[in-house]
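Numbering (the numbering used here), first residue to last: 19 to 191.
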């Protein structure tokens, strides 16, 4: 019985650093619309398998309901609505890949699946990006930005998927 108790204590003590790391590797960011209004948030959670992003956006009235929109991580953590969010730079990529989930030489680290705006103008989703992490070296998203585009990403056009205007942006600390 003592051996089982000791094994349980050892397993529990080994699990503690992982749990503490997961709690420490979490961040909430606010999305700003092209008009400069706050329109929701995203919770970013670092996992051993990549970056989990939980989206909760509202008041997307300028978007047609029941439509798809490109969603990416951009290279610079600046979201200036005055320049149409061009301050966020291009897509985040840690290697010399092409853009797109459907191209052989892709994807960029910041390429993610399109997101759907519901009939009521909200967007709620969970996305796991296995090419990006919260913390770390070259694949670290800290100091970058999340971006929502006006149209769907075609997953292959270079350099950014022909997803249209940048309509919402969030700085990742």
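For glycine and all other residues, C-beta sits at the position ideal for the given N, C-alpha and C.
Starting from residue 14, follow the beta strand (DSSP E) in both directions and report where the run begins and ends. Past the boundaries of the shown model lies residue 14; the chain is included only from 19 to 191, so the question cannot be answered.
Tell me whether residue 102 is buried or exposed, calling it buried when 16 or more other Cβ atoms sit within 10 Å of its Cβ. Exposed: under 16 other Cβ atoms inside 10 Å.
What do you get for residue 176, buried or exposed, if any count of 16 or more other CB atoms within 10 angstroms of its CB means buried?
It is exposed - the Cβ of residue 176 has fewer than 16 other Cβ atoms within 10 Å.
Problem set entry | Other residues of its chain near residue 137: CB distance less than 7 Å, five sequence neighbours each side excluded | The answer, listed in chain order, is 83 and 84.
Exercise. Work out the CA separation of residue 113 and residue 73 for me, nearest whole Å.
Key: One Cα belongs to residue 73, the other to residue 113, and the distance between them is close to 26 Å.
Margin query: Check whether the stretch 51-58 and the stretch 118-126 touch, using three or more Cβ-Cβ pairs below 8 Å as the test.
Written below: Between the stretch 51-58 and the stretch 118-126, the count of Cβ pairs shorter than 8 Å is below three; the stretches do not touch.
Unbroken stretches of the beta strand (DSSP E), 3 residues or longer, contained in the stretch 39-105: Taking only runs of at least 3 residues, the beta strand (DSSP E) segments lying wholly in the stretch 39-105 are 44-51, 56-65, 68-75 and 85-92.
If we count the other Cβ atoms within 10 Å of its Cβ and call it buried at 16 or more, is residue 154 buried or exposed?
-> With fewer than 16 other Cβ atoms within 10 Å, it is exposed.
Can you list, in chain order, the residues of its chain whose CB lies under 6 Å from that of residue 140, leaving out five sequence neighbours each side? Within the same chain, and ignoring the five residues on either side of residue 140 in sequence, the residues whose Cβ sits closer than 6 Å to its Cβ are 76.
* Asked: Rounded to a whole number of angstroms, what is the C-alpha to C-alpha distance between residue 60 and residue 71?
  -> Each residue's Cα considered, the two are about 6 Å apart.
For residue 144, which residues from the same chain have a beta carbon less than 6 Å from its beta carbon, with the 5 sequence-adjacent residues on both sides left out? 72.
_Is the separation between the beta-carbon of residue 87 and that of residue 147 shorter than 8 Å?_
Taking 8 Å as the cut-off, the beta carbon of residue 87 is found no closer than this to the beta carbon of residue 147.
Check: For residue 135, which residues does DSSP report across the bridge?
Finding: Residue 135 is bridged to 85.
Determine, for residue 129, whether the minimum Cβ-Cβ distance to residues of chain C falls below 8 Å. Looking for chain C here will not work: only one protein chain is present.
_Three-pair Cβ contact test at 8 Å for the stretch 90-106 versus the stretch 159-170_ = A contact exists between the stretch 90-106 and the stretch 159-170.
Distance, Cα to Cα, residue 28 vs residue 65? Confidence at residue 28 is low in this model, with a pLDDT of 38, below 50, so the placement of that residue is unreliable and no value is reported for it.
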